[in-house]
Structures are given as C-alpha cells and as structure tokens.
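All remarks here apply to the structure that follows.
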C-alpha cells in the first residue's frame, strides 16, 4: 500500500456517469486523495493492474464490463486480489448487496454517495488493512 505520511492514498474510481465521476473525484481530491478514473469495468481492471491503487470505488451497472464482472476479474489476479473494493450503487436491494459480498466487495455504498461517509470508510478500511 502507498498510504503513508508522504504520499496520498490512491483511489481508482470506476464510474460511467461522467457527472458523478467528475464531482466525486473532485471532492476526493480536495480531501487529499489521488484519484484516477475509469469509464467502465474493463478500463477499471486495466488501470487497477497498472496503477495498483490503495482502494477501488466501483459502480455496478456500466457498459463494456459491469462492476460485478470487473470485481471477479480483479479478485482472480494476484496483483489486485487484495485491493479493497467499495461498490457504489443506486440498486440497494438485498439481492444486489448479497451478490456484492459474495464476489468480494469490501463495502456497499448507496448512491448518491455521502463524501464524509466515503472518507470515513476509506480511512477505516486502510486502518484495518495495516
């Protein structure tokens, strides 16, 4: 992990909604995080493998490759299997939440996201990972 006093926490945000992607990534950057964005699951997998973020924020319903497909790919690869993944979704039914847990998501966050809660959840996840 790159999380220490001299380098910012690196977040990969995988989201196809450009408005939400822009606003949430800007808020995270204001809080001091380094953020890289991907527009779909396939780009997310590629960027995760090359950049190795500390945390991944993953939308579920996206074109090209869905979030659940991307999570399964990331969990199957040694280099990305242990990266914490937070799912961001407007679909809050128990079936969706259960599926996210089963495929290896660390946290489920309801859209629209609360930046203070995301910030607290990221810090807690990284504290637990130490």
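Residue numbers (the working numbering): 1 to 130. Idealized CB from N, CA, C, for every residue including glycine. What you are looking at is a predicted structure, and each value in this text was computed from that prediction instead of being measured.
- Taking 3 residues as the minimum length, the beta strand (DSSP E) runs contained wholly in the stretch 27–69 are 34–38 and 55–59, in order along the chain.
- Residue 108 sits in a strand when the DSSP states are folded into three classes.
- Just so you know, the alpha carbons of residue 124 and residue 63 end up roughly 31 Å apart.
- Looking only at 8, 91 and 17, the smallest Cα-Cα distance to residue 32 is reached by 8.
- In the DSSP assignment, residue 11 falls within the unbroken beta strand (DSSP E) covering 10–14.
- The shortest CA-to-CA distance from residue 89 to any of 60, 115 and 50 is the one to 60.
- Inclusion of residue 10 and residue 78 in the CB contact set at 7 Å is not warranted, their separation being larger than that value.
- Of 51, 69, 121 and 102, the smallest CA-CA separation from residue 110 is found for 121.
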